[in-house]
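J.:
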Amino acid sequence: MSRRARHRERPRSDGAPRLVRWLLHGGRPTSRWLIRRWYDVRVHGAEHVPTSGPVVLASNHVGVIDGPLLAIFSPRPAHALTKIEMFSGFLGWFLTRCGQIPLDRFRHDPRAVRTSIRALRDGRVVGIFPEGQRGAGELELFHRGAAYLALVTGAPVVPVTMLGTREPGGHMGSLPKRGSRVDLVYGEPFVVAPAAWPRTRRQVGETSRVLRARMLVHLEESQRRLGRSLPGPLPAGEHEPDPGGGVTEKSA
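Residue numbers (our numbering): 725 to 976.
As structure tokens, then:
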């Protein structure tokens, strides 16, 4: 692929049927209403998300509902990087047409990278979970994808903390009990100066270390301010595979 042809792929919501585009954009208030009939969802710091231009939402990853909550409760429609295992059958069709971005976490996935970069260059919002898997949500495992996207596009990175999306001791696929309080906390944007091609491994690693430090501060402040804690690790013997060989790397 020529350099000119790179980064032209867009999330599929552009060409989606009108109904599905409505579900992604205009239908989000209805989705929020439905979810709030089941959970007490509280959104904090939404004013930190820029109202226009490219944005990377980088969130910790605790429970199975984190992805839907990030997409539905974001102040702006978001294209979330979603594990490719979800893209099968009707759900896969729906996620694709809604503009969610399939990501192969266990291999270098240039298409996911190109699609994310094009979305950001079009002034959109891309959501990513730097941990790459569900777990304690403590950012112990931190991959480099968010930093790379910011370096390529200059998009500000808004840290997001998820609290209450999995109960202490809850299994990997468990849902909070009905009526449970769930908090989404947006932090102040972290602005990264774009780096010209070719970007070095060292540049991406250093930016990722700074981003992780910012996200850890936001994570701790969110828990302290709301008087809440993370659920702790998954039960013994239960874990998602570590996607250490994907487009990002462990221990950034």
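Every residue gets a Cβ at the ideal spot worked out from N, C-alpha and C, and that includes glycine.
Less than 6 Å between C-beta atoms, sequence neighbours within five positions excluded: which residues of the same chain meet that for Pro-778?
T.: Leu-844, Gly-847, Thr-877 and Ala-879
J.: To the nearest angstrom, how far is the alpha carbon of Gly-888 from that of His-772?
T.: About 21 Å.
J.: Quick one: is the Cβ of Ser-776 within less than 7 Å of any heavy atom of the ligand FAD?
T.: The ligand FAD is not among the ligands present in this structure, which contains no ligands whatsoever.
J.: Between the Cα of Leu-863 and the Cα atoms of Asp-764, Phe-853 and Gly-869, which residue gives the shortest distance?
T.: Phe-853
J.: Are Leu-794 and Ala-804 close, meaning C-beta to C-beta below 8 Å?
T.: yes
J.: Can you give, in chain order, each stretch of the alpha helix (DSSP H) that sits fully within the stretch 835 to 908 and has at least 4 residues?
T.: 869 to 877
J.: Would you report the Cα separation of Val-928 and Leu-950, rounded to the nearest angstrom?
T.: 32 Å
J.: Residues bridged to Asp-790 by DSSP?
T.: Beta-bridge partners assigned by DSSP to Asp-790: none are found.
J.: Would the stretch 893 to 904 and the stretch 755 to 770 be scored as touching if the rule is three or more Cβ pairs under 8 Å?
T.: yes
J.: What's the gap between the Cα of Tyr-910 and the Cα of Ala-836?
T.: 24 Å
J.: Ile-789: buried (16+ other C-beta within 10 angstroms of its C-beta) or exposed?
T.: buried
J.: Indicate the three-state DSSP secondary structure (helix, strand or coil) for Phe-914 in the structure shown.
T.: strand
J.: Start and end of the beta strand (DSSP E) containing Val-765?
T.: Membership of Val-765 in the beta strand (DSSP E) is indicated by the continuous run 764 to 768.
J.: If you reduce the DSSP assignment to three classes, tell me which class Ser-953 lands in.
T.: Coil.
J.: With DSSP as the reference, label Thr-806 as helix, strand or coil.
T.: strand
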